[in-house]
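Residue numbers (UniProt numbering), protein chains in the order written: chain A, 1 to 140; chain B, 1 to 185.
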């Protein structure tokens with residue numbers, strides 16, 4: 001890929017915008033279409049482009065697999081943890097009403113936290129899957 | 001209205017053409033590309049049906065990441081499909097035809113598409129539409145349904161994705177480490 005200079009430069013230029021769009025989809029999901037699942041995949045695709053342009057090794061310096069493994073499990077834990085937090089605050093499991101004094105504000109906090117957990121897990125799992133395949137391809 | 005139906009028919013016909021092309025293709029690279037195109041066409045179809053969230057997911061997951069993952073797999077396995085001995089078999093064809101006929105027979109009992117008094121439109125949907133501005137106050141009530149009313153389902157989905165990642169890492173990621181060890185020793 002090192003001789004594809006135009007692809008490399010244009011691709012590099014696109015990566016921050018893809019990430020920004022992913023964050024927009026993540027945090028604007030309650031107003032427009034989108035949410036954690038889509039945002040996670042879009043965020044992962046920025047890293048996929050980076051891998052295609054610069055190779056697995058250089059991308060794994062930015063996103064090492066052991067970090068991704070921790071992030072992927074912490075996303076699930078964040079989601080489940082919101083449920084436990086609502087239990088401890090006297091509500092039912094995943095009943096966001098009790099997260100704030102105002103039930104609607106509580107719902108908003110709950111949805112943002114939960115969607116963030118979804119986004120973390122989806123993005124890191126997608127990257128892990130891609131790295132696992134790409135790694136084997138490079139060795140073969 | 002007629003234009004909308006024309007677009008629907010056109011997209012559905014396009015889906016049928018792509019699936020037949022995938023079936024007949026021996027070049028796996030082309031087949032993967034056509035699968036991506038299939039997902040993109042389905043995403044357009046969902047968009048015409050006003051399901052923006054589903055269309056978004058289909059475009060990002062189906063056309064984007066899945067295509068990349070399948071291409072990765074191709075780079076490990078090889079580009080050409082092995083040619084099979086062509087022997088016309090009747091039994092699979094009969095099974096497929098009977099199953100298809102049963103499914104079409106089943107469709108006949110379904111209520112008309114998009115009618116306002118269909119069961120899905122009279123059961124919980126009106127409640128979500130009417131109550132969610134007061135209870136949750138999120139403008140996109142797809143998000144409200146996914147994250148709040150059906151938070152348990154979404155938690156399950158996230159666990160499924162996490163489990164899938166763990167499974168792939170156990171199946172493919174593990175062996176790589178052993179190979180490295182072998183190479184080192």
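We put the beta carbon where it would ideally sit given N, CA and C, even for glycine.
Can you list, in chain order, the residues of the segment 118-133 of chain A whose Cβ is nearer than 7 Å to any Cβ on chain B? 118, 121, 122, 125, 126, 128, 129, 130, 132, 133
Is it right to say residue 33 of chain A is buried, meaning 16 or more other beta carbons lie within 10 angstroms of its own, or is it exposed? buried
Buried versus exposed, by CB contacts within 10 Å (16 or more), residue 134 of chain B: exposed
Between which two residues does the alpha helix (DSSP H) holding residue 124 of chain B run? Unbroken run through residue 124 of chain B: none, as it is neither H nor E.
Please check if any C-beta of chain A sits within less than 8 Å of the C-beta of residue 53 of chain B. yes
Using the three-state DSSP reduction, which class does residue 97 of chain A fall into: helix, strand or coil? helix
Roughly how many angstroms separate the alpha carbons of residue 188 of chain B and residue 41 of chain B, rounded to a whole number? What the structure shows of chain B is the stretch from 1 to 185, and residue 188 of chain B is not part of that stretch, so it cannot be assessed.
Since residue 16 of chain A is in the alpha helix (DSSP H), which residue starts that stretch and which ends it? 5-27
heavy atom of the ligand MG below 7 Å from residue 114 of chain B C-beta: This structure lacks the ligand MG; in fact it carries no ligand of any kind.
When you compare the CB of residue 44 of chain B with every CB in chain A, is at least one pair closer than 8 Å? no
Whole alpha helix (DSSP H) runs in the segment 55-136 of chain A with 4 or more residues, listed along the chain? 56-62, 65-88
Residues of the UniProt domain "MrpA C-terminal/MbhD" (14-78) of chain B in Cβ contact with chain A at a cutoff of 7 Å, in chain order, please. 52, 53, 56, 57, 60, 61, 64, 65, 68, 69, 72, 73, 75, 76
8 Å is my cut-off, CB to CB: does residue 95 of chain B come that close to chain A? no
Option nearest residue 4 of chain B by Cα separation, candidates B/102, B/45, B/21: B/45
Is the Cβ-Cβ distance between residue 31 of chain B and residue 43 of chain B less than 8 Å? no
Three-state secondary structure assigned by DSSP to residue 109 of chain B: coil
Tell me whether residue 50 of chain B sits in a helix, a strand or coil according to DSSP, three-state version. coil
Taking any Cβ of chain B, which residues in the segment 19-34 of chain A have a Cβ under 7 Å from it, in chain order? 29, 30, 31, 32, 33, 34
For residue 143 of chain B, which residues in chain A fall below 7 Å Cβ to Cβ? 29, 30, 35, 111
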